[in-house]
Each structure stands twice: as C-alpha cells, then as structure tokens.
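For reference, the structure discussed in these notes is given below.
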Amino acid sequence: MRRLLLRYLLPLAALYAVALAATLPAQVALERAAARWPVAAEAARGTVWRGEATGLEVGGIRLARLRWAPAPAALARGEAALQLAAELEGAVLDGRLGVTAAGRLRAGPVQLGAEAAALAGPLGLAALRPQGRIEADIEALELASLRPLRPRAARGRVLWRRARLAGEPLGELAADLRPTADGLEALVADRGGPLQVALAARLRADGGWTLRGRIAPRAGASPRLHRLLAGLGRPGPDGAVAVDLRGRLDGPAAARTGS
C-alpha cells in the first residue's frame, strides 16, 4: 500500500498543487514577490501560468512588456517551465525559463537582440558608452540562484556587431560559452577589425571570476584606440596589453595588466 501511495498519489498531489498555484492571478503573485525580491509592475493580467505584465522592473532592469505562457514539453524533463517574450528599450528577448526538480533555474533556448547602449546601465558599463548590436543565442543556462547570481553552466554564442566603446570602433566580437567542471567559460575573439582580441573569461559556481588573455591593435588602428588600450595596462612593443582580472560577482575586481 505504501508503495502504491508513493507511486501514484504523491505525484497526483504534486500536480494538483502546481495546477492550483498556476491559477493564482498574476497581479497577486507579483505583489507577493515584491515583498521578497526587487520586483514591481505597473499592471499585470492573467495568471501565474499564462499572462502579461507591463512596466515591469526586476532588479533595476525595466521591461516595457513581458508575456509568458506554459512550456509543457519541459515537463518531460522534470521541469516546470514558461516561455517568455520580453521587450525593453532597444532589446527583445525570447526564451524558456524553468525550475528543475532540484530547485535550480534553467533557461534555454534563449534568443536576445539588443542595442549595446540598452544593456550598458544594467551591466554597469554606461561610462564606456558601448554601441553596436548584441545578438545572443543561448542553448542552455543553469543557475544555482538569482540572488546572489550563481551560474552553474552555459552553452551558446554571443555576438557584438559594429562594436564601439567611447565612440571608437572595435570591429565585431564573438564569445562562445561552454560549461566547465565548476561553472562556465566564455572564449572571446575578434572577427576582424582594428582590434585583436583573445580572452578567456571563467565564472565559477561560487561567484568567483577571472578574465585573462591579450588585446592588441592591428596595423592602421587609430591613435585613440592605442590610447584606450594603454589605459588597460602597459603595452608591449607591438602595442598589445596582457589582461589578468579576477574578482567576485558580489565584490570588487582586482587586476593585473601589462605587456
């Protein structure tokens, strides 16, 4: 009898609990979430399972509109997932976000198209005045937690087209994401243009990160680009700067740069 209960009744009870929670009005759910997390919205319609919110702000990032709907295919993998479509100034995101049976957040596939300037504020890069187009195609991203941010693994590619910093053209940059034994790694390289880039960024599950590699101007690069690179560290004979940064997502960065 006990085995029968475990095999049939408990899963049915879990499904009933999920179905009951899914009928919760979206506005009520957002109000409850706001009591625990930095979340606010001007208006919300629908339910937790299917709905729409406008004027949504999450952790300082403002979304003009967010729509969500169930992603039933994820249930076969033991996940409760939603298909999301988000709009913010200069950016559009479409993808799947779910929670695994172990309580981890899993996203993917996710597509993002954004103007670099639109992401500058949320990423703390406004002073560098980034320009260009960011295109991300993330196959999978798993997070141990959102607050603090603790990624566990990722796979995908991010492109920065017509990249500029402080008005200076950098060409096109690409980052390939892949999982490691204790987190994720992004290999960053140029795809032509005035800047040679070969960087490896690693992010551990405990929040620690490193950025190492080499950046160099190509022949014919502008004097201003040479000066920008010199601001990162002492250039070598060919103008290249070795980069060695490390830190934590919840703390300041330490740096060692040089030729």
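For the sequence shown, the positions run -21 to -1, 1 to 238 when mature numbering (1 follows the signal peptide of the UniProt record, and there is no 0) is used. Beta carbons are placed, not taken as given, at the ideal position from N, Cα and C, and that holds for glycine.
1) For leucine 66, which three-state DSSP category applies?
2) Taking 9 Å as the cut-off, decide whether the C-beta atoms of alanine 13 and leucine 42 are in contact.
3) Can you tell me whether arginine 85 is buried or exposed? The criterion is at least 16 other CB atoms within 10 Å of its CB, across all chains shown.
4) With DSSP as the reference, label leucine -10 as helix, strand or coil.
5) What is the DSSP secondary structure of valine 220, counted as helix, strand or coil?
6) Could you give the DSSP three-state label for arginine 85: helix, strand or coil?
7) Whose C-alpha, out of Arg83, Gly77, Glu118, Pro109, is nearest the C-alpha of leucine 91?
8) What three-state label does DSSP hand valine 71 in the structure shown?
9) Which same chain residues, not among the five before or five after glycine 162, have their C-beta less than 6 Å away from its C-beta?
10) With a threshold of 16 other CB atoms inside 10 Å of the CB of leucine 3, please say whether the residue is buried or exposed.
11) By the 10 Å Cβ neighbour count, where 16 or more other Cβ atoms means buried, how is leucine 102 classified, buried or exposed?
12) Classify glutamate 121: buried if its beta carbon has 16 or more other beta carbons within 10 angstroms, exposed otherwise.
13) Between leucine 152 and alanine 198, what straight-line distance do the alpha-carbon atoms span, to the nearest angstrom?
14) According to DSSP, which residues form a beta bridge with tryptophan 139?
15) List the whole-angstrom C-beta distance separating glycine 111 from arginine 140, where the pair is believed to meet the contact cut-off of C-beta under 8 Å.
16) Could you give the DSSP three-state label for arginine 7: helix, strand or coil?
17) Please classify residue 240: does DSSP put it in a helix, a strand, or coil?
18) Quick check on proline 202: does DSSP put it in helix, strand or coil?
19) Kindly list the residues whose CB is nearer than 8 Å to the CB of glycine 150, restricted to its own chain and excluding five residues on each side of it in sequence; keep chain order.
20) Work out the CA separation of alanine 22 and valine 71 for me, nearest whole Å.
21) Do you know offhand how far valine 78's Cα is from proline 158's?
22) Find the nearest neighbour of leucine 67 within the set Ala59, Ala32, Leu211, judged by alpha-carbon distance.
Let me spell this out:
1) Here the sequence assigns glutamate to residue 66, which means leucine is not the residue at that position. DSSP places glutamate 66 in strand when its eight states are reduced to three.
2) no
3) buried
4) With a pLDDT of only 49 at leucine -10, under 50, the local geometry of the prediction cannot be trusted, and the value read off the model is given with reservation. Helix, per DSSP.
5) strand
6) strand
7) Glu118
8) strand
9) Leu182, Arg183, Ala184
10) exposed
11) exposed
12) buried
13) 18 Å
14) Ile113, Leu152
15) 6 Å
16) The sequence shown places valine at residue 7, not arginine. DSSP places valine 7 in helix when its eight states are reduced to three.
17) Absent from the model: residue 240. The displayed extent of the chain is -21 to 238, so no value can be given.
18) helix
19) Ala142, Asp169, Arg170, Gly171, Gly172, Pro173, Leu174
20) 20 Å
21) 19 Å
22) Ala32
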